[in-house]
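Presented below is the structure to which this report refers.
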Amino acid sequence: MQKFVKSVALAFLGTMLFQSVEASSLERNSGISVISKDSLSLDKALPFDNEVTTGTLSNGFQYFIRKNVEPKNRVTMYLAIKVGSILETESQLGLAHFLEHMNFNGLKHFPKNELVNYLQKAGVRFGGDLNAYTGFDQTVYQLPIASDDPELLKNGLLVMRDWAQEALLTSEEIDKERGVIMEEMRGGRGASQRMRDQYLPMLFNGSRYANRLPIGTEEVVTKSPYEELRKFHREWYRPDLQALIVVGDIDVAHIEKEVKRLFSDMKTVPNAPKREVYKVDLLNKNQFMTVTDPEMTATVAQIMIKHPETKAKTVGDYRQLLMRSVYGQMLNARLGEILQSANAPFLSANANISGFLGGLDMYGATVVAKPNELERGFKSLVRELERVQKHGFTKTEFDRAITIIQKSNETSYTERSKKKSEEYVDRYLNYYLEDEPAMSNEDSYQLTKKLLPTLTLKEVEALGKQYYVDINRDILIMAPEKDKNSLPNESQVNSWISQVEAENIAAYEDKTSDLPLLTKQPQKGSIVSSKNLTEVNAKELILSNGVKVILKPTTFKNDQILIRSYSPGGTSLYGDNDYFSASYANTLVNASGLGQLNSIEFRKYMTGKNVSIGTYIGELNEGVSGRSDKEGLKTAFELIYGFFTEPRIDDDIFQSIIARSISSMANQENDPNFVFRRDMLKRLYNGNIRRTPITEANLKKIDKNRALSIFKERFADASDFTFVITGSFTEDEIKPYLENYLAALPNLKRKEKGKDLGLYEPKKGFKHTTKKGQEQKVSVVLSYNGDYKYNDMENINMQALESVLTFRLLERLRENEGGVYGTGANVSYSKFPKDRYTVQIAFGTAVDKYQSLIKSALEEVEKIKKNGPTQEDLDKFKIEQKRQMELIVKENSFWGGYILDRYQLQKPVEDPDKVLKELEKVTIKSVQKVANKYLKEDRLFEFILLPDEVK
60 MQKFVKSVAL AFLGTMLFQS VEASSLERNS GISVISKDSL SLDKALPFDN
110 EVTTGTLSNG FQYFIRKNVE PKNRVTMYLA IKVGSILETE SQLGLAHFLE
160 HMNFNGLKHF PKNELVNYLQ KAGVRFGGDL NAYTGFDQTV YQLPIASDDP
210 ELLKNGLLVM RDWAQEALLT SEEIDKERGV IMEEMRGGRG ASQRMRDQYL
260 PMLFNGSRYA NRLPIGTEEV VTKSPYEELR KFHREWYRPD LQALIVVGDI
310 DVAHIEKEVK RLFSDMKTVP NAPKREVYKV DLLNKNQFMT VTDPEMTATV
360 AQIMIKHPET KAKTVGDYRQ LLMRSVYGQM LNARLGEILQ SANAPFLSAN
410 ANISGFLGGL DMYGATVVAK PNELERGFKS LVRELERVQK HGFTKTEFDR
460 AITIIQKSNE TSYTERSKKK SEEYVDRYLN YYLEDEPAMS NEDSYQLTKK
510 LLPTLTLKEV EALGKQYYVD INRDILIMAP EKDKNSLPNE SQVNSWISQV
560 EAENIAAYED KTSDLPLLTK QPQKGSIVSS KNLTEVNAKE LILSNGVKVI
610 LKPTTFKNDQ ILIRSYSPGG TSLYGDNDYF SASYANTLVN ASGLGQLNSI
660 EFRKYMTGKN VSIGTYIGEL NEGVSGRSDK EGLKTAFELI YGFFTEPRID
710 DDIFQSIIAR SISSMANQEN DPNFVFRRDM LKRLYNGNIR RTPITEANLK
760 KIDKNRALSI FKERFADASD FTFVITGSFT EDEIKPYLEN YLAALPNLKR
810 KEKGKDLGLY EPKKGFKHTT KKGQEQKVSV VLSYNGDYKY NDMENINMQA
860 LESVLTFRLL ERLRENEGGV YGTGANVSYS KFPKDRYTVQ IAFGTAVDKY
910 QSLIKSALEE VEKIKKNGPT QEDLDKFKIE QKRQMELIVK ENSFWGGYIL
960 DRYQLQKPVE DPDKVLKELE KVTIKSVQKV ANKYLKEDRL FEFILLPDEV
1010 K
């Protein structure tokens, strides 16, 4: 997998072209080694985490080993290599990424595809668990495995050793992988790639980075001599550029001993090239560019102001990171408020100060404009930046931002004993690769706690002025091709900025409310009955108003409480004339605040509360879901009560959401994938409005008052609601909230259930081709749909079918034929309103390959129907299920979903371990049976997306 940049603050229409790093690194960079309780010196170095065992071998190889029992009996290993595409010569473009692929296609102890095969037999998922990525400056391999199997643990370390230096790089496997990488490259082609190729030289100031995208070039990938790849491997895969990170439920001393034994003999080739550190030089000038593409769906303007990088080495540096975070919190809160106005000037906007790459930081601000309103949107963004420059922030804004960070710090500290191993891996990975702090949980908490009160509003405002300057500023505008002639030039944009700077901009007014959330307090109810659900250590309570509550206290987290609920009904109870108002009712209510507080006041009211409660209205049911900590429980239940009794749809919010929704769809027809999805849905459901993307005309049919009325109807009767509450609470702690809030919910004792609307796929399959797009690539979706027999055994056999079919498709289409980068099967099934299933196979490929690959995919389907899966593939599925079950039963989210599902299905709430017993009943014959039952030729729907012109 290729990865462009670790920390570039650019977003592209919600799709991250680069991984943006928020100015605050609190989560990522936790801990300081020993923070004194006395006053802090800002010059004091940030000590390293004292809870991890580290070392450097004589050959330069480094290691980080830490014991962590979350999750139990698991270990996560990462191999980090300070080698990426930036080191490639012109004849090697793409070879760093190519090597990453080859490390899965033949190692000293795992020849050919034996690595993936061996690990799958151990329950490791390829892609989901076993994975890797290549960036400009690094390559990283990851392997999470079970640690309770000594042989597997030993071999896991052996995999790391082979990845470090023992790739076989046979000519046969190199040639096979060329096609896979080409398909990865092909899949990444489109509007974003075509525009990126134009603006990267400006973005990277003409530096080496602009010409070193990890994916490389077609010429090198398809024709590079074998020896060139082997040479790159010899020169760069060496111990002085590598580190092993091992975190998990392990014996640290034993792992350290094994690491020394396995990695000490690694050698560096004589006269190895020096690992240069490349930089992006500041040009001390401003740059400007407009880029268009026929498939671009919106107009985006970005302001990027580059600065020399500040590395967090000292307490003072860390304090500046906190100030950056406070600044970003306050500024983005203001931009969010603008978005909630009736006639918002843009579709979205954000700004922050963050890391970039090549030794630079960046002040970045982005606005997604409404169609034909770039000037208005851009000026509005700049106006807010200028408002801060001229007037700063208010004390109340500052206090809220500090409170948010304080709460985050406290929450992280509370959960320190429950941190997942991956969090620690990221900590040490960023320390090794990015030279970022790696501090202990205790001292990260103490340092943040001590520093936050020392921050001042004036300092944060001064920091913003330091970064928001008119030098080393890039302005990039991306837009649909049809708007090319109407886009501004550099002088016009500069004049926009000058006009805003000359405005008499008023200071920001921080509007808050002193009103309580609810107009009246609920009338307390009671618990009228209870029964134990002994198989799952839970209890069912019936409240005086008929509400059913299932309590499942756990110790999986130190302070996490999850709430889920459902009630039968949903949008299916409303006719087509009301459908759009019904389908948008939940969105409008959840965006509008609650009770006596509008959306802006409500957001401020929620400051510092680790609480999130929302509602949903689906086609067949509605409900409430969310989370809280113990401190926030009163607020959480207050919100639940508010949604039932005092929902609101503010006029400004209604107008804003409808206007922005209409604007966002103005250019959606430019996107080939949107057109493809729309065509599939139209053909499958005969253009029914409930199954196809909403149109502008339909959006205009939404009635605010009717939407609110429908929402109130859905939540007018709590008597048929079932709530499941899981997490870190006791029954005694939760009962008062059940009595005071849930038992006080309205009760009409009505009997409802979702309506079967008869919206099903045709009984006979068909083929459909959509032509849309410039790139010579094809998307294929093969879908089997029909009636189903819903029960536990049928479901688990279908899961097995999904898994074994995915194994076969990957081996055939990717490994053997080199025709795809990714593929697989996806199975879904449902009980309501009628037993139905879908089995879908999807992949992307070249225009000249799709027909043969469809044939190959269907041949693999027929093999399973004729012979069933292989025992080896079936065993892989079973061990993966067992290993995943060991993990998910330690999650509050699993129990909430599992218990609620059993109630919806009206089935006993059994110990989920029984699934493992059912697993043993899955056989070659049983999987073969469901394959023949559901993968019928006459139930196959073939959908193909071709380019506009096939070359």
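Residue numbers (this note's numbering): 60 to 1010. Glycine included, each C-beta is placed from N, C-alpha and C at the ideal position. Note that the structure is a prediction, hence the values are computed from the model and not measured.
For this session: Look up F347 in the DSSP assignment and give the residues it is bridged to.
Result: On the sequence shown, residue 347 is found 288 positions in, with the first residue counted as 1. Answer is I534, bridged to F347.
Exercise. Below 8 Å, can you find three or more Cβ-Cβ pairs linking the region 102 to 117 to the region 284 to 294?
Worked result: The region 102 to 117 is not in contact with the region 284 to 294.
Exercise. Thinking C-beta only, is I240 closer than 7 Å to V280?
Worked result: As a first step, residue 280 must be located in the sequence shown, where it is residue number 221. As a first step, residue 240 must be located in the sequence shown, where it is residue number 181. Less than 7 Å separates the beta-carbon of V280 from that of I240.
Exercise. In its own chain, which residues sit with a C-beta less than 8 Å from the C-beta of L653, not counting the 5 before and 5 after it?
Worked result: The residue you call residue 653 lines up with position 594 of the sequence shown. Close CB contacts of L653 within its chain, under the 8 Å cut and outside five residues either way in sequence, are with L576, F661, L698, G701, F702, E705, P706 and R707 (chain order).
Exercise. Excluding the five sequence neighbours on either side, which residues of its own chain have a C-beta within less than 6 Å of the C-beta of G246, listed in chain order?
Worked result: For the purposes of this step, residue 246 is identified with residue 187 of the sequence shown, where counting begins at 1. These residues qualify, in order along the chain: Y880 and G903.
Exercise. Going by other Cβ atoms of all chains shown within 10 Å of its Cβ, with 16 needed for buried, is K126 buried or exposed?
Worked result: Locating residue 126 in the sequence shown gives position 67, counting from the first residue. Around the CB of K126, 16 or more other CB atoms lie within 10 Å, so the residue is classed as buried.
Exercise. Are Y337 and I145 closer than 7 Å when you measure CB to CB?
Worked result: Looking up residue 337 in the sequence shown gives position 278. Looking up residue 145 in the sequence shown gives position 86. Contact flag set, yes.
Exercise. Can you tell me where the alpha helix (DSSP H) with F291 in it begins and where it stops?
Worked result: Residue numbering aside, residue 291 sits at position 232 when the sequence shown is read from its first letter. Run containing F291: Y285 to W295, per the alpha helix (DSSP H) assignment.
Problem set entry | Inter-stretch contact at 8 Å, needing at least 3 Cβ pairs: the region 508 to 525 / the region 370 to 387 | Result yes; three or more Cβ-Cβ pairs closer than 8 Å.
For this session: Would you kindly report the start and end of the unbroken beta strand (DSSP E) that includes S651?
Result: Here residue 651 is taken as the residue at index 592 of the sequence shown, counted from 1. First-last for S651: undefined, no H or E at that position.
Exercise. Which residue from V839, K966 and F782 puts its Cα closest to that of G1011?
Worked result: Lying outside 60 to 1010, the shown extent of the chain, residue 1011 is not represented and no answer is given.
Exercise. For the alpha helix (DSSP H) that contains M161, what are its first and last residues?
Worked result: Position 102 of the sequence shown holds residue 161. Unbroken alpha helix (DSSP H) run through M161: L154 to M161.
For this session: Determine, using beta carbons only, whether G832 and P971 come nearer to each other than 7 Å.
Result: Counting from one through the sequence shown, the residue named residue 832 turns up at place 773. Counting from one through the sequence shown, the residue named residue 971 turns up at place 912. In this structure, G832 keeps its C-beta atom at 7 Å or more from the C-beta atom of P971.
Exercise. Ordered along the chain, which non-local residues of its own chain (more than five positions away) have a Cβ less than 7 Å from that of S92?
Worked result: Numbered from its first residue, the sequence shown carries residue 92 at position 33. Any answer about S92 is weak, because its pLDDT of 37 lies below 50 and its placement is not dependable; what the coordinates show is given next. If we look at S92 and ignore the five residues flanking it on each side, its Cβ neighbours are P106, F107, D108, N109, M498, S499 and D502.
Exercise. Does the distance from the CB of K477 to the CB of N669 come in under 7 Å?
Worked result: Numbered from 1 along the sequence shown, position 418 holds the residue referred to as residue 477. Numbered from 1 along the sequence shown, position 610 holds the residue referred to as residue 669. Their beta carbons are not under 7 Å apart, which means K477 does not touch N669 by this criterion.
Problem set entry | Outcome for G746 when other beta-carbon atoms lying within 10 angstroms are tallied against a minimum of 16 | Taking the first residue of the sequence shown as 1, we reach residue 746 at position 687. G746 should be labelled exposed.
Exercise. At which residue ranges does the region 841 to 906 contain complete alpha helix (DSSP H) runs of 4 or more residues, listed in the order of the chain?
Worked result: Whole alpha helix (DSSP H) segments, 4+ residues: 851 to 868.
Problem set entry | Alpha-carbon spacing of L679 relative to F774, whole angstroms | Here residue 679 refers to the residue found at position 620 when the sequence shown is read from its first residue. Here residue 774 refers to the residue found at position 715 when the sequence shown is read from its first residue. Here the alpha carbons of F774 and L679 stand approximately 14 Å from one another.
For this session: Determine the contact status of G187 and I204, defining contact as a CB-CB distance below 7 Å.
Result: If you number the sequence shown from 1, residue 187 lands on position 128. If you number the sequence shown from 1, residue 204 lands on position 145. With contacts defined by Cβ atoms closer than 7 Å, G187 and I204 do not form a contacting pair.
For this session: Could you tell me the distance, in whole angstroms, from the CA atom of S95 to the CA atom of L416?
Result: Numbered from 1 along the sequence shown, position 36 holds the residue referred to as residue 95. Numbered from 1 along the sequence shown, position 357 holds the residue referred to as residue 416. At S95, the pLDDT of 48 sits below 50, so the modelled position is not reliable and the matter cannot be decided from this model.
For this session: Kindly indicate which three-state DSSP category R393 falls into: helix, strand or coil?
Result: In the sequence shown, residue 393 corresponds to position 334, counting from 1. In the structure shown, R393 sits in a helix (DSSP, three-state: H, G or I).
Exercise. Does the beta-carbon of H156 have 16 or more other beta-carbons within 10 angstroms, so that it is buried, or is it exposed?
Worked result: Locating residue 156 in the sequence shown gives position 97, counting from the first residue. Around the beta-carbon of H156, 16 or more other beta-carbon atoms lie within 10 Å, marking it buried.
Exercise. Which residues in the same chain have their Cβ closer than 6 Å to the Cβ of F457, if we skip the five residues on either side of it in sequence?
Worked result: As a first step, residue 457 must be located in the sequence shown, where it is residue number 398. If we look at F457 and ignore the five residues flanking it on each side, its Cβ neighbours are L516.
Exercise. Near I556, which residues of its chain fall below 7 Å by C-beta distance, leaving aside the five closest residues on each side in sequence?
Worked result: Your numbering for residue 556 matches position 497 in the sequence shown. Here I556 has V441 as same chain residues with Cβ atoms under 7 Å from its own Cβ, once five neighbours each way along the sequence are excluded.
Exercise. What did DSSP end up calling Y491 once you bin it into helix, strand or coil?
Worked result: Taking the first residue of the sequence shown as 1, we reach residue 491 at position 432. Residue state, collapsed to three classes: helix.
Exercise. Where K213 and W222 are concerned, what is the direct C-alpha to C-alpha distance, given to the nearest angstrom?
Worked result: Within the sequence shown, the letter at position 154 stands for residue 213. Within the sequence shown, the letter at position 163 stands for residue 222. Each residue's Cα considered, the two are about 14 Å apart.
Exercise. Whole-angstrom Cβ separation of Q388 and A460, contact assumed at under 8 Å?
Worked result: To locate residue 388, count along the sequence shown from 1; it is residue 329. To locate residue 460, count along the sequence shown from 1; it is residue 401. Confirmed, Cβ separation roughly 4 Å.
Exercise. Count the other CB atoms within 10 Å of the CB of S588; is the residue buried (16 or more) or exposed (fewer)?
Worked result: Here residue 588 refers to the residue found at position 529 when the sequence shown is read from its first residue. Taking a 10 Å sphere around the C-beta of S588, we find fewer than 16 other C-beta atoms and assign the residue as exposed.
Problem set entry | Inter-residue Cα distance where the pair is V80 and M60 | Start at 1 with the first residue of the sequence shown, and residue 80 comes out as number 21. Start at 1 with the first residue of the sequence shown, and residue 60 comes out as number 1. With a pLDDT of only 27 at V80, under 50, the local geometry of the prediction cannot be trusted, and the value read off the model is given with reservation. About 20 Å.
Exercise. Relative to the C-alpha of D960, which residue among P170, Y625 and P928 is closest?
Worked result: Taking the first residue of the sequence shown as 1, we reach residue 960 at position 901. Considering only P170, Y625 and P928, the residue with the shortest C-alpha distance to D960 is Y625.
Exercise. So who's on the other strand from H366, going by DSSP bridges?
Worked result: Here residue 366 refers to the residue found at position 307 of the sequence shown. D420, per the DSSP bridge assignment.
Problem set entry | Member of A428, I362 and D738 whose CA lies at the smallest distance from the CA of L535 | Counted from its first residue, the sequence shown places residue 535 at position 476. When only C-alpha atoms are compared, the closest one is I362.
Problem set entry | C-alpha distance - V608 paired with L964, whole-angstrom precision | Mapped onto the sequence shown, residue 608 falls at position 549. Mapped onto the sequence shown, residue 964 falls at position 905. Whole-angstrom Cα-Cα distance: 16 Å.
Exercise. In or out: M537 buried (at least 16 other Cβ within 10 Å) or exposed?
Worked result: By one-based count along the sequence shown, residue 537 stands at place 478. Under this definition M537 is a buried residue.
Exercise. How big is the Cα-Cα spacing for L621 and I464?
Worked result: Residue mapping note: residue 621 aligns to position 562 of the sequence shown, counting from 1. Residue mapping note: residue 464 aligns to position 405 of the sequence shown, counting from 1. Rounded to whole angstroms, the separation of the alpha carbons of I464 and L621 is 22 Å.
Problem set entry | Minimum C-alpha distance to F733 - residue among I716, I717, I753 and R719 | As a position in the sequence shown, residue 733 is number 674, starting the count at 1. When each option's Cα is compared against that of F733, the closest is I753.
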